[in-house]
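What follows is one structure encoded as structure tokens, with my remarks underneath.
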Amino acid sequence: MISLIAFPIKHIFYKFYKWCKNPCTIKLMSLILLIFIVVLFTNNSRRKQFSPFPIDEYLDELEIEIEFGQPIPDFDSNLHELRKRILNISNANQFPSNFTNVDALYSNDLNKNLFTDIPGGFLNIYTWRDHCSESIDMLKVKIDFPYNPWRKSGTRILATIKSIEFTGVRIFGYIMPAVRGSYSFQVSYFGSVELWLSPDELPSNAVEYKISIPNIVTHFAKAKWLVSHFTVNLVADNKQYIEILHASNTEGVLEIKWKDNSSPDYKPIPTEYIYPFVYDFGDGVIPETYKSTLPLHAPSSELTNVMHPFDERNTLFSNSHVDIDKFGDSWIFPPCDYTPSYVDINPIRIANNLGIINTYPAVTLYTRHVELSVRTIVISEQFMKKVLNLFMHHLMLSNPTARLSRLINMERLVDNLSGDLYLVEVLITYAQNPLKEYLISEFVVLKRKDILSSLLCHPVYMKMRRDTFVHFLVTHRNFPQMIREFVQNMERVFDKTGDENFGIIIVNYVTPLIDVITLLRQSRLNHWSVIDFGGPWSKTAAINVGIDSVKNPNDIIFITDLSIYYPAHLPDTIRKHTFQGYSGFAPIIFYFTCDFHMQLFLKQQYIGSYSISGYGLFSLYKSDWMKVRGMDSSQFKDIWGFEDNNLANRVLNTGYVVFRLIVRGFYHQNHTYSGLWDGKNDDRFYS
Numbered sequence: 001m002i003s004l005i006a007f008p009i010k011h012i013f014y015k016f017y018k019w020c021k022n023p024c025t026i027k028l029m030s031l032i033l034l035i036f037i038v039v040l041f042t043n044n045s046r047r048k049q050f051s052p053f054p055i056d057e058y059l060d061e062l063e064i065e066i067e068f069g070q071p072i073p074d075f076d077s078n079l080h081e082l083r084k085r086i087l088n089i090s091n092a093n094q095f096p097s098n099f100t101n102v103d104a105l106y107s108n109d110l111n112k113n114l115f116t117d118i119p120g121g122f123l124n125i126y127t128w129r130d131h132c133s134e135s136i137d138m139l140k141v142k143i144d145f146p147y148n149p150w151r152k153s154g155t156r157i158l159a160t161i162k163s164i165e166f167t168g169v170r171i172f173g174y175i176m177p178a179v180r181g182s183y184s185f186q187v188s189y190f191g192s193v194e195l196w197l198s199p200d201e202l203p204s205n206a207v208e209y210k211i212s213i214p215n216i217v218t219h220f221a222k223a224k225w226l227v228s229h230f231t232v233n234l235v236a237d238n239k240q241y242i243e244i245l246h247a248s249n250t251e252g253v254l255e256i257k258w259k260d261n262s263s264p265d266y267k268p269i270p271t272e273y274i275y276p277f278v279y280d281f282g283d284g285v286i287p288e289t290y291k292s293t294l295p296l297h298a299p300s301s302e303l304t305n306v307m308h309p310f311d312e313r314n315t316l317f318s319n320s321h322v323d324i325d326k327f328g329d330s331w332i333f334p335p336c337d338y339t340p341s342y343v344d345i346n347p348i349r350i351a352n353n354l355g356i357i358n359t360y361p362a363v364t365l366y367t368r369h370v371e372l373s374v375r376t377i378v379i380s381e382q383f384m385k386k387v388l389n390l391f392m393h394h395l396m397l398s399n400p401t402a403r404l405s406r407l408i409n410m411e412r413l414v415d416n417l418s419g420d421l422y423l424v425e426v427l428i429t430y431a432q433n434p435l436k437e438y439l440i441s442e443f444v445v446l447k448r449k450d451i452l453s454s455l456l457c458h459p460v461y462m463k464m465r466r467d468t469f470v471h472f473l474v475t476h477r478n479f480p481q482m483i484r485e486f487v488q489n490m491e492r493v494f495d496k497t498g499d500e501n502f503g504i505i506i507v508n509y510v511t512p513l514i515d516v517i518t519l520l521r522q523s524r525l526n527h528w529s530v531i532d533f534g535g536p537w538s539k540t541a542a543i544n545v546g547i548d549s550v551k552n553p554n555d556i557i558f559i560t561d562l563s564i565y566y567p568a569h570l571p572d573t574i575r576k577h578t579f580q581g582y583s584g585f586a587p588i589i590f591y592f593t594c595d596f597h598m599q600l601f602l603k604q605q606y607i608g609s610y611s612i613s614g615y616g617l618f619s620l621y622k623s624d625w626m627k628v629r630g631m632d633s634s635q636f637k638d639i640w641g642f643e644d645n646n647l648a649n650r651v652l653n654t655g656y657v658v659f660r661l662i663v664r665g666f667y668h669q670n671h672t673y674s675g676l677w678d679g680k681n682d683d684r685f686y687s
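The numbers in full-length UniProt numbering rise by one with no breaks, and the one at position 6 of the sequence shown is 6.
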């Protein structure tokens, strides 16, 4: 029975085998396969470019995307070829016959008058990618928001068609209807939206129109839109500032339509009624007049308190200092040699909790899910009072008119063998002038054998130099928006402190995406240098070039990174923990998770982590950088990872101390590394 069934099956397979060997059959099957691949590729390309929504009726709503470094020629009424180049569209049939460029002149010339004689027909649109959240508040606290978008462009209509995930958008400009009256707006969107409208052309007068929890959910292309409505009175021929913020974590569309009392249906706002706020399509610095004229609506207080909690220690640089050796007629603290016991000239493998400094008051910890060494860094109040009493006892022996106003900061490096090292920072007054406060900030050592005798001594190698010049050294390649935000960070530090004794060094892998020298010339920074660097990407080699560029051996060089928020007190903190011929400083930075705002909303404790094992941010005097021979660019020529631990080990092997401290308000934000190593511009960032 089995043989009767098996024979026909075998015969069928044999016939199929003979048919497949026929040359004509092979050609036919190859042709069918080729047609299938072409059809599949075409459909995927269209979906990727335009999004999964019907496109025919939205062709005029396509976002205008301006290429970095490519100024667009003067306006022409027939620029289909230009439009195709910008949008990467090859088929002219995709455009309706009346589709033209926006009625505007695009320019990178920042000397152009930004606010007058601007033709209408479009709105400014800024885009941020890798946003990680649907939260508008999360968008507002990004380091590169609001002035360093991934792309600056324009839109002819209040709608954005997106084809990527995790995008934040800021659309702004003016609306000016031809007829006065009451207008109803319809907002359709995914994610979250804020809409601000001013009664006049001043952004500072804008008020938020709440996008209420929608009670209508419509279906569009098998996807759910959230739809909200509101009504507002508009004045004819009167420019009114409008701004829309949109954040989405999925492919989605923001669409805003309107209608007046005489219209039954909502329609797109005609282009003749909208105007841009500013000519801003280049890659240069945004003018200060622009920043002051276009304010940023404040983020939520919850986020502000988390990222920038108030701390009096953050403003110590503004106090008048009193040098300890000039405090009185007698020597206050006897000098002593001090080297932590963990410093060993023999080769060692660095430990994560090495040299971590305890503090009082506690540094605000953003998470409980951190290493044990970080969770136990607070000096007990009982121990703080004991050390403070000893410190003030020594001061008053030297100058009896001194009075303690209050303790600002205390730091402690625990060492059972060599003794505990303290940084004590107090505000004092004198009996002659009790209203004037002076800051005393000094290191002292309490050795175990001296606890009973209450003897504090001053480590001879730790004499503070408050005017030492600090160089912030960064390397840059393919991240123009990050280098802009770094410069703006440094400008903010300078504005708050007035500190003339710090500057920046940028080792720049030359890129056409941004003119770094022009960026710095237009900044408020007085001290900066740019070193153009070519060849394959090597961060260690670039850092060494930056170190070599500093000529003064008595300057501090702090190697650091982009996409970091720099608190104003950081230059002063670096000076306090970096001593020539004695110590280096590796501050501990906090890394926020990409979606930390959502974690806060969900009342989760884990919103990030401290980089305990990382030594990538490191300061030494120039003379000491030369002694440790800089970064190891031979072993870590074209790779990145553990080169910082290698540096810390070599610093310790030289006999130097490495201090580690959680620095207040010092944090890193997530960003992509696409295109960094191969020098290519990943299409998630540039096109």
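Cβ coordinates follow ideal geometry from the N, Cα and C atoms, glycine included.
Looking at the unbroken alpha helix (DSSP H) that takes in W537, where does it start and where does it end? On the sequence shown, position 537 is the one that residue 537 refers to. Unbroken run through W537: none, as it is neither H nor E.
I'd like to know if the segment 411-425 and the segment 381-391 are in contact, where contact means that at least 3 CB-CB pairs between them fall below 8 Å. yes
State buried or exposed for R484, treating a residue as buried only when at least 16 other CB atoms are found within 10 Å of its CB. Locating residue 484 in the sequence shown gives position 484, where the first residue counts as 1. R484 should be labelled buried.
Helix, strand or coil at L602 [DSSP, three-state]: As a working note, residue 602 is residue 602 in the sequence shown. Residue placement at L602 is flagged as unreliable, the pLDDT there being 46, under the threshold of 50; a coordinate-derived value is accordingly withheld.
Look at the Cβ atom of N358, then the Cβ atom of I332, and state whether they are nearer than 8 Å. The residue labelled residue 358 in the question sits at position 358 within the sequence shown. The residue labelled residue 332 in the question sits at position 332 within the sequence shown. Result no, Cβ atoms of N358 and I332 do not sit closer than 8 Å.
In whole angstroms, give me the CA-to-CA distance for K551 and W128. Reading the sequence shown from its first residue, position 551 is the one you call residue 551. Reading the sequence shown from its first residue, position 128 is the one you call residue 128. When rounded, the distance between both Cα atoms is 39 Å.
Please classify Q669 as buried or exposed, where buried requires at least 16 other C-beta atoms within 10 Å of its C-beta. In the sequence shown, counting from the first residue as 1, residue 669 sits at position 669. Q669 is buried by the Cβ-count criterion.
Using a Cβ-Cβ cutoff of less than 7 Å, which residues in the same chain neighbour S611 once the five nearest sequence positions on both sides are dropped? Within the sequence shown, residue 611 is the residue found at index 611, counting from 1. Here the set comprises I588, I589, Y591.
Could you name the residues that DSSP lists as bridge partners for N233? Working through the sequence shown from its first residue, we reach residue 233 at position 233. In DSSP, N233 forms a bridge with S182.
Between V651 and H458, what straight-line distance do the alpha-carbon atoms span, to the nearest angstrom? Your numbering for residue 651 matches position 651 in the sequence shown. Your numbering for residue 458 matches position 458 in the sequence shown. Distance between the alpha carbons of V651 and H458 is about 23 Å.
Less than 8 Å separating the beta-carbons of V169 and L197? Here residue 169 refers to the residue found at position 169 of the sequence shown. Here residue 197 refers to the residue found at position 197 of the sequence shown. Contact: no.
Distance, Cα to Cα, T578 vs V207? Taking the sequence shown and counting its residues from 1, the one referred to as residue 578 is at position 578. Taking the sequence shown and counting its residues from 1, the one referred to as residue 207 is at position 207. Approximately 48 Å, taken between the alpha carbons.
Do the segment 459-477 and the segment 502-512 make contact, defined as three or more Cβ pairs closer than 8 Å? yes
Taking L519 as the reference, which of V487, F502, I531, V657 has the closest Cα? Translated into the one-based positions of the sequence shown, residue 519 becomes position 519. Nearest C-alpha to L519: V487.
Cutting at 7 Å between CB atoms, please list the residues of its own chain near M631, excluding the five before and the five after it. Here residue 631 corresponds to residue number 631 of the sequence shown, with the count starting at 1. Excluding positions up to five away in sequence, the list reads T540, I543, N544, E643, L647.
Identity of the residue in S248, M464, S184 nearest K259 by Cα: Looking up residue 259 in the sequence shown gives position 259. With distances taken between Cα atoms, K259 lies closest to S184.
Cα separation between S204 and V460? Counted from its first residue, the sequence shown places residue 204 at position 204. Counted from its first residue, the sequence shown places residue 460 at position 460. Between S204 and V460, the C-alpha separation is close to 55 Å.
Can you tell which of S263, R448, E272, I428 has the C-alpha that lies nearest to the C-alpha of G157? Stepping through the sequence shown from its first residue, residue 157 is reached at position 157. According to the sequence as given, residue 157 is Ile; it is not Gly. Closest option to I157, Cα to Cα, is E272.
So which of S418, P567, V445, D265 has the shortest CA-CA distance to T497? Along the sequence shown, one-based indexing puts residue 497 at 497. T497 has its Cα closest to that of P567, out of S418, P567, V445, D265.
Span of the beta strand (DSSP E) holding K576? One-based indexing of the sequence shown puts residue 576 at position 576. Looking at the DSSP string, K576 is not in any beta strand (DSSP E); the run it does join, the alpha helix (DSSP H), is 570-577.
What separation, rounded to the nearest whole angstrom, lies between the Cα atoms of L245 and T167? Here residue 245 corresponds to residue number 245 of the sequence shown, with the count starting at 1. Here residue 167 corresponds to residue number 167 of the sequence shown, with the count starting at 1. Taking the straight line joining both Cα atoms gives about 11 Å.
Helix, strand or coil at S188 [DSSP, three-state]: By one-based count along the sequence shown, residue 188 stands at place 188. Note: S188 maps to strand in three-state DSSP.
Taking L123 as the reference, give the member of D137, R151, T155 with the closest Cα. On the sequence shown, residue 123 is found 123 positions in, with the first residue counted as 1. Out of D137, R151, T155, T155 has the C-alpha closest to the C-alpha of L123.
Alpha-carbon to alpha-carbon, L427 and T560: Translated into the one-based positions of the sequence shown, residue 560 becomes position 560. Translated into the one-based positions of the sequence shown, residue 427 becomes position 427. For T560 and L427, the distance between alpha carbons rounds to 31 Å.
Buried or exposed for L397, please, with buried defined as at least 16 other CB atoms from any protein chain shown within 10 angstroms of its CB. Taking the sequence shown and counting its residues from 1, the one referred to as residue 397 is at position 397. The residue is exposed, with fewer than 16 neighbouring Cβ atoms inside 10 Å.
What is the rounded straight-line gap between the Cα of R466 and the Cα of K142? For the purposes of this step, residue 466 is taken as the residue at position 466 of the sequence shown. For the purposes of this step, residue 142 is taken as the residue at position 142 of the sequence shown. Straight-line Cα distance between these residues: approximately 32 Å.
My output table needs one value for T560: the three-state DSSP class, helix, strand or coil. As a working note, residue 560 is residue 560 in the sequence shown. Here T560 sits in coil by DSSP.
Reduced DSSP category for K140 - H, G, I as helix; E, B as strand; rest coil: Taking the sequence shown and counting its residues from 1, one reaches residue 140 at position 140. Note: K140 maps to helix in three-state DSSP.
Alpha-carbon to alpha-carbon, H393 and L570: As a first step, residue 570 must be located in the sequence shown, where it is residue number 570. As a first step, residue 393 must be located in the sequence shown, where it is residue number 393. Whole-angstrom Cα-Cα distance: 30 Å.
Could you give the DSSP three-state label for E194: helix, strand or coil? Here residue 194 refers to the residue found at position 194 of the sequence shown. Note: E194 maps to strand in three-state DSSP.
So is the beta-carbon of G630 under 7 Å away from any non-hydrogen atom of the ligand GDP? Absent from the structure shown: the ligand GDP. Ligands present: none.
Is F502 closer than 8 Å to F472 when the C-beta atoms are compared? As a first step, residue 472 is located in the sequence shown; it is residue number 472 there, counting from the start. As a first step, residue 502 is located in the sequence shown; it is residue number 502 there, counting from the start. Yes, the Cβ-Cβ distance between F472 and F502 is below 8 Å.
Do F494 and Y565 have their C-beta atoms closer together than 8 Å? Position 494 of the sequence shown, counted from the first residue, corresponds to residue 494. Position 565 of the sequence shown, counted from the first residue, corresponds to residue 565. No; because the gap between Cβ atoms is not below 8 Å, this pair is not in contact.
With distances taken Cα to Cα, identify the nearest neighbour of P340 among N416, A402, P270. Here the question's residue 340 lines up with position 340 in the sequence shown. Of the candidates N416, A402, P270, the one whose C-alpha sits nearest the C-alpha of P340 is N416.
Nearest by alpha-carbon distance to R524: which of E491, F533, I505, I514 is it? Position 524 of the sequence shown holds residue 524. With distances taken between Cα atoms, R524 lies closest to E491.
Apply the 10 Å Cβ neighbour rule to P400 and answer buried if 16 or more other Cβ atoms are within range, or exposed otherwise. What you label residue 400 is simply residue 400 of the sequence shown in a count that begins at 1. The residue is exposed, with fewer than 16 neighbouring Cβ atoms inside 10 Å.
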